[in-house]
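Below you'll find the structure, written out as structure tokens, and then a few comments.
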Amino acid sequence: MKSVLRITVNGRAREDAVAANALLLDYLRDGLGLTGTKQGCDGGECGACTVLVDGRPRLACCTLAHSVADGTVETIEGLAHNGRLSRLQRAFHEHLGTQCGYCTPGMIMAAEGLLRTEPRPDRDTIRTALAGNLCRCTGYVKILDSVEAAVQAGEEAA
Amino acid sequence: MPVMPDFELLRPDSAEAAVALHASRPASRYLAGGTDLLPNLRRGLADTATVIDLGGIAELAGIRVDADRVHIGAGTTLAALAAHPGIAAELPALAQAALAVAGPTHRESATLGGNLCLDTRCRYYNQSTPWREANHYCMKLEGDVCRVAPKSKRCYAAFSGDVAPALLALDAEVDIVGTNGRRTLALAEFYHDDGMRWLALDRGELLAAVRVPLAPGWSSGYEKLRIRGAIDFPLSGVAVALARDGERLAGLRIACTGVSSRPERIEGLDALVGQPLDDAALAQLEKLVLRGIQAMETTTASVPYRRKATPILARRLVTRLWTEAA
Ligand SMILES: Cc1cc2nc3c(=O)[nH]c(=O)nc-3n(C[C@H](O)[C@H](O)[C@H](O)COP(=O)(O)OP(=O)(O)OC[C@H]3O[C@@H](n4cnc5c(N)ncnc54)[C@H](O)[C@@H]3O)c2cc1C
Ligand code: SF4
Ligand code: FES
Ligand code: FES
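Those protein sequence lines, which keep their order, are chains C and V.
The opening residue of the first sequence carries number 1 in the working numbering; numbering runs sequentially from there.
The opening residue of the second sequence carries number 1001 in the working numbering; numbering runs sequentially from there.
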């Protein structure tokens, strides 16, 4: 059964007919074609599907689309503005925080959620905030380096 | 990839409305944060025609600290619980247990109610449908034999929520809403020692709130063993609440998780109260913990390991709280 879902995705208010049992992940990927958000497991194990809901990092595969009705969702596609990468995106690119790239959108959205509440986290705080996101490529060190570099870039810009 | 079953989704705005909807639709389930139910639905571990989303019920939200107790709505997220300054200060076991659940992104969705009502777990049950089918299923779902204890008439799946033992050690009670009105239960009465029927909720009853007494002079803590430092369920978890009066133990409560089909409050600890916490007392404490748990082959970590590790975990936590209270 489909019903109307009112929601803001990456800054755009939308009204879409969405099935009752649609996961936020399926709505974003299959409904809106926002395939930047990844599915890495069959439910809750990997963090690849992390998006921001009302500014907080949540797992899109453990959330029904209709449960976040009237809310605000941000995905990796919403971070770059006019072709300019966000500072986290640039830092991941420059500091080799991404290899195959499958975990990267989830990592960046989880880190983005952290930086919004805590603009100057130390390395331990970053580690803890990313503890739900798995990466099978990088060994994590370069991911932590990348987030630290983004923090630094933010401080220099400020 | 597993497919989500079809269901209708309802979003009532009061606990009474939720209970009435549940009563009018026999095959329905409550949805809170969804971090347990939605993966289980996708893996074929749960089936339902109706999902009742509790997220729109104002009564279930919020934490209130009164003079002698803390009132926590069942819909409170574990992230909010762990970050609450009053809870971290007054009820450290509760804050530590909330913080020990899954990973940070789970805790933004996961609720206290969902954590207390979590499905029991077993290595023969928390698997994909093809895996379980190839293994001819088991008694908890679709089969008739228990793979852990083949001669058993009951299921030993382990209750593996982190927060329940903390609340047991802190002597919490729960408020329940049903079609016949409201009732209050000591949390210890909320669980059965049965992997297939582990909750004392009648069909359609809703957990509305948890109340925890504030006990000045008591300290508390929670620790768990897991394979990785995040995400993983407890192989064993221990919560302790302790009061010290000079060189004597003035009060002690211990509860464990992951090692029985219910969160297990350890019996017999009163014998240690009024005594100094010396080596003999600690040895006695280890014995009581071992006697109180029933670890079975429900996890990939072995039974001897969990039987050995749980009393030691308890001993270490008790010793730490005792020393800090000096
Ligand atoms: C990868 C992974 C790791 C995890 N690790 C841990 C862990 O380390 N420790 C741990 O404790 N848990 C863990 N979990 C399980 C789960 O995330 C948490 O237990 C969480 O707190 C469940 O809460 P929820 O609000 O998401 O529950 P939901 O999934 O919404 O609900 C869980 C169950 O409770 C019922 N329910 C929910 N609210 C109520 C209510 N108010 N009244 C009556 N019934 C209700 C639902 O019908 C459902 O059956 C993990 C899950 C995953 C996917
Ligand atoms: S304890 Fe036995 S019946 Fe219960 S889930 Fe495990 S194998 Fe199945
Ligand atoms: S897809 Fe793996 S946690 Fe959501
Ligand atoms: S870069 Fe490949 S999974 Fe992280």
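Positions of the beta carbon are idealized from the N, C-alpha and C atoms, including for glycine.
Treat the numbers as computed from the prediction; the structure is a model and nothing was measured.
Less than 7 Å separates the beta-carbon of residue 1288(V) from that of residue 1268(V). Look at residue 5(C): its C-beta is not under 7 Å from any C-beta on chain V. Residue side-chain check: residue 36(C) keeps its Cβ at 6 Å or more from all non-hydrogen atoms of ligand 3.
The Cβ of residue 57(C) sits closer than 7 Å to at least one Cβ of chain V. For residue 1073(V), the three-state secondary structure derived from DSSP is strand. By the C-beta criterion, the segment 1087 to 1097 of chain V is judged to be in contact with the segment 1061 to 1075 of chain V, since at least 3 inter-stretch pairs fall below 8 Å.
Around ligand 4, the residues whose beta-carbon falls short of 5 Å from at least one of its heavy atoms are 99(C), 100(C), 102(C), 103(C), 135(C), 136(C) and 137(C), given in chain order.
For the segment 1007 to 1031 of chain V, the set of positions with a beta-carbon nearer than 8 Å to some beta-carbon of chain C reads 1007, 1008, 1009, 1011 and 1031 in chain order. Residue 75(C) has no beta-bridge partner at all, per DSSP. Look at the beta carbons and you see the segment 1144 to 1160 of chain V not touching the segment 1099 to 1109 of chain V: under three pairs across the two are nearer than 8 Å. Residues are counted here when their Cβ sits less than 7 Å from a Cβ of chain V; for the segment 9 to 41 of chain C these are 20, 21 and 23, given in chain order.
Those residues of the segment 1150 to 1173 of chain V placed with their C-beta closer than 8 Å to a C-beta in chain C do not exist.
By the neighbour-count criterion, in which 16 or more other beta carbons inside 10 Å mark a residue as buried, residue 48(C) falls on the buried side. With 7 Å as the limit, the residues whose C-beta approaches any heavy atom of ligand 3 more closely are 25(C), 38(C), 39(C), 40(C), 41(C), 43(C), 44(C), 45(C), 46(C), 47(C), 48(C), 49(C), 59(C), 60(C), 61(C) and 62(C), in sequence along the chain. A Cβ-Cβ distance of about 7 Å is found for the pair residue 1206(V) and residue 1176(V), placing them in contact under the 8 Å criterion. The C-alpha of residue 69(C) lies about 11 Å from the C-alpha of residue 16(C).
What residue 66(C) touches in chain V, judged by beta-carbon distance under 8 Å, is 1009, 1011 and 1053, going in chain order. In summary, residue 1253(V) is buried, with 16 or more beta-carbon neighbours lying within 10 Å of its beta-carbon over all protein chains present. Per DSSP, residue 1254(V) is one residue of the beta strand (DSSP E) stretching across 1248 to 1257. Counting only Cβ-Cβ distances below 8 Å, residue 131(C) has contacts in chain V at 1103, 1104, 1229, 1230 and 1231, in chain order.
The Cβ-Cβ distance between residue 1060(V) and residue 1082(V) does not fall below 7 Å. Setting aside the 5 residues that flank it on each side, residue 1199(V) is surrounded in the same chain by 1117, 1190, 1191 and 1192, each with a C-beta closer than 8 Å to its C-beta; the list follows chain order. Boundaries of the beta strand (DSSP E) around residue 1239(V): 1236 to 1245. Contacts with chain V at 7 Å (Cβ-Cβ) include residue 62(C). The alpha helix (DSSP H) runs lying completely inside the segment 21 to 62 of chain C and spanning 4 residues or more number zero. Rounded to whole angstroms, the Cβ separation of residue 1087(V) and residue 1063(V) is 7 Å, and the two are in contact under 8 Å.
Rounded to the nearest angstrom, the gap between the Cα atoms of residue 1110(V) and residue 1159(V) is 17 Å.
Chain-ordered, the chain V residues with CB closer than 7 Å to the CB of residue 128(C) read 1104. 1010(V) is the residue among 1010(V), 1035(V), 1214(V) and 1043(V) whose C-alpha sits nearest the C-alpha of residue 1053(V).
Contacts between residue 1(C) and chain V, judged by CB atoms closer than 7 Å, involve 1008 in chain order. Under DSSP, residue 1213(V) takes part in a beta bridge, and its partners are 1069(V).
For residue 1184(V), no alpha helix (DSSP H) encloses it; the enclosing beta strand (DSSP E) starts and ends at 1181 to 1186.
Excluding five sequence positions before and after residue 89(C), the CB atoms of its chain that fall closer than 7 Å to its own CB belong to 79, 80 and 108, given in chain order. In this structure, residue 29(C) sits away from residue 113(C), with a CB-CB distance that is not shorter than 7 Å.
In chain order, the residues positioned with their C-beta nearer than 6 Å to some heavy atom of ligand 2 are 1122(V), 1124(V), 1125(V), 1138(V), 1139(V), 1140(V), 1146(V), 1147(V), 1148(V), 1155(V), 1156(V), 1157(V), 1195(V) and 1298(V). Per DSSP, residue 90(C) is one residue of the alpha helix (DSSP H) stretching across 87 to 94.
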